[in-house]
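K.L.:
Shown below is the structure under consideration.
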Amino acid sequence: MYSLGITANEVLARAVPYSDALTETAQLHTILEARYNHDALVVAITSQQLRPALPPLEPSAEAPPPQLVALVQKLWSQGAAERPAAAEAAAAAAGALAAIDGQAAPPPQLPPRAEVAAATAFLDEAAAGPGGEGGEGGEGGE
Numbered sequence: 001m002y003s004l005g006i007t008a009n010e011v012l013a014r015a016v017p018y019s020d021a022l023t024e025t026a027q028l029h030t031i032l033e034a035r036y037n038h039d040a041l042v043v044a045i046t047s048q049q050l051r052p053a054l055p056p057l058e059p060s061a062e063a064p065p066p067q068l069v070a071l072v073q074k075l076w077s078q079g080a081a082e083r084p085a086a087a088e089a090a091a092a093a094a095g096a097l098a099a100i101d102g103q104a105a106p107p108p109q110l111p112p113r114a115e116v117a118a119a120t121a122f123l124d125e126a127a128a129g130p131g132g133e134g135g136e137g138g139e140g141g142e
């Protein structure tokens, strides 16, 4: 569940996890900057409960629903017992998405059934070949 939380946050934040906290030079690490070299970052994640930056929460078209951000935070809880079970996480995600369903762009329109039926009939006829027997259609098929 922890990995799902990190991955979900990457999607919501549109950023690689910890990219804002990593520096390649150990000498540049300061408390004020809170940037880490690789080894210090691993220690901060495992023992200091450092987590990736959350996406912006101010209301905008790009901001994720607060319910999803809260779910992400539960998913990456330090203790496994604090994390939701898969079914609970799925229900929470479905509820969050249902709450914003009216705000989302409508799904693409499918062609009318009559158009699909006509296209299917045309393809079936083409596959059957001349005379409707299938096999070797076209010229010189003897």
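Numbering of the sequence shown is given in the UniProt record's numbering, commencing with residue 1 and proceeding in unit increments.
The C-beta atom is built at its ideal place from N, Cα and C for all residues, glycine as well.
Fair warning: this is a prediction, and the values are worked out from it, not measured in the lab.
Just curious, the alpha helix (DSSP H) that S77 is in, first and last residue?
P.N.:
Element bounds for S77: n/a, residue is neither H nor E.
K.L.:
Leaving out five residues before and five after L50 in sequence, what residues of the same chain have Cβ atoms less than 6 Å from its Cβ?
P.N.:
Result list for L50: A44, in chain order.
K.L.:
Assess, as a yes-or-no matter, whether the region 65 to 82 is touched by the region 2 to 15 under the definition of 3 or more beta carbon pairs within less than 8 Å.
P.N.:
The region 2 to 15 vs the region 65 to 82: in contact.
K.L.:
Taking only the alpha-carbon atoms, compute the straight-line gap between D93 and L54 and give it to the nearest angstrom.
P.N.:
Note that residue 93 corresponds to Ala in the displayed sequence, not to Asp. When rounded, the distance between both Cα atoms is 17 Å.
K.L.:
My understanding is that I6 touches P65, with C-beta atoms under 8 Å, so please give their C-beta distance in whole angstroms.
P.N.:
Wrong, their Cβ atoms sit about 18 Å apart, outside the cutoff.
K.L.:
Please report the residue range of the alpha helix (DSSP H) in which V16 lies.
P.N.:
Here V16 belongs to no alpha helix (DSSP H), and DSSP marks it neither H nor E.
K.L.:
Report all residues from its chain with a CB closer than 7 Å to the CB of I100; omit the five preceding and five following residues, and keep chain order.
P.N.:
Cβ within range, chain order: P65.
K.L.:
Is the distance from the Cβ of A96 to the Cβ of L71 below 8 Å?
P.N.:
Yes; because the gap between Cβ atoms is below 8 Å, this pair is in contact.
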